[in-house]
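Asker: Okay, here's the structure, questions in a sec.
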Amino acid sequence: MAGVGHAQAVVMNLLDGLDGCYRTVVADNFFTTISLAKYLLEHDTYLIGTLRSNRVGSGSEVLRKKLSRGEVYRLQNKDGIKLIMWKDKQDVLIISTRPSHSASVADSEKTNFQNERAS
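Here you go:
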């Protein structure tokens, strides 16, 4: 598979013969890229996972946002690829191509070992 990285080639090989069924691939930040999301969408397959900031593109608006803890910022392109940035202790980048995913966040009402509410 010329022109794609090793991680993307692994995902493409695993999905060989399974495209066209609107499945959802869940991947960690080693495998997720914008180009993989585009490829999977072209093959009627969705992607959701965490994304490394160096794979977004340095000029991306989502990377310029400075969020406070607990805040969420969402950006969607014309292809339906959503980038969601959530601020916990550090920024967490999520990529999703599922049409039903939004950037809403629900309070889990969980506490840590010191009985402090999670933000």
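All you need for my numbering is the position in the sequence shown, starting with 1, plus 143.
Even for Gly, the Cβ is constructed at its ideal location relative to N, Cα and C.
Computed from a predicted model, the values in this text were never measured in an experiment.
#1: How far does the alpha helix (DSSP H) with valine 154 in it extend, from its first residue to its last?
#2: Could you give the DSSP three-state label for arginine 198: helix, strand or coil?
#3: Suppose the cutoff is 8 Å on Cβ atoms and the five residues either side in sequence are ignored; what does the same chain contact list for lysine 209 look like?
#4: Report the partner residues of glycine 192 according to the DSSP bridge assignment.
#5: At which residues does the alpha helix (DSSP H) containing leucine 226 begin and terminate?
#6: Assuming isoleucine 237 contacts threonine 193 under a Cβ cut-off of 8 Å, what Cβ separation, rounded to an integer in Å, is found between them?
#7: Among the residues of its own chain, which have a CB less than 6 Å from the CB of glutamate 214, if the five just before and after it don't count?
#8: Should isoleucine 177 and serine 239 be called a contact, given that it needs their Cβ atoms to be closer than 7 Å?
#9: Drop a sphere of 10 angstroms on the beta-carbon of phenylalanine 174, count the other beta-carbons inside from all chains shown, and report buried for 16 or more, exposed for fewer.
Answerer: For this structure:
#1: Your numbering for residue 154 matches position 11 in the sequence shown. Counting along the chain, the alpha helix (DSSP H) containing valine 154 begins and ends at 149-157.
#2: Taking the first residue of the sequence shown as position 1, residue 198 is located at position 55. Correct three-state label for arginine 198: helix.
#3: Position 66 of the sequence shown, counted from the first residue, corresponds to residue 209. Contacts found: none.
#4: Within the sequence shown, residue 192 is the residue found at index 49, counting from 1. Beta-bridge pairing links glycine 192 to Ala170 and Ile238.
#5: For the purposes of this step, residue 226 is taken as residue 83 along the sequence shown, with counting starting at 1. No alpha helix (DSSP H) contains leucine 226, which is instead part of the beta strand (DSSP E) from 225-230.
#6: As a first step, residue 237 must be located in the sequence shown, where it is residue number 94. As a first step, residue 193 must be located in the sequence shown, where it is residue number 50. Yes, isoleucine 237 and threonine 193 are in contact; Cβ-Cβ is about 6 Å, under 8 Å.
#7: As a first step, residue 214 is located in the sequence shown; it is residue number 71 there, counting from the start. For glutamate 214, the CB contacts under 6 Å within the same chain, skipping 5 residues up- and downstream, are Lys230 in chain order.
#8: The residue given as residue 177 occupies position 34 in the sequence shown. The residue given as residue 239 occupies position 96 in the sequence shown. Not a contact, by the Cβ cut-off of 7 Å.
#9: On the sequence shown, position 31 is the one that residue 174 refers to. So phenylalanine 174 ends up on the buried side.
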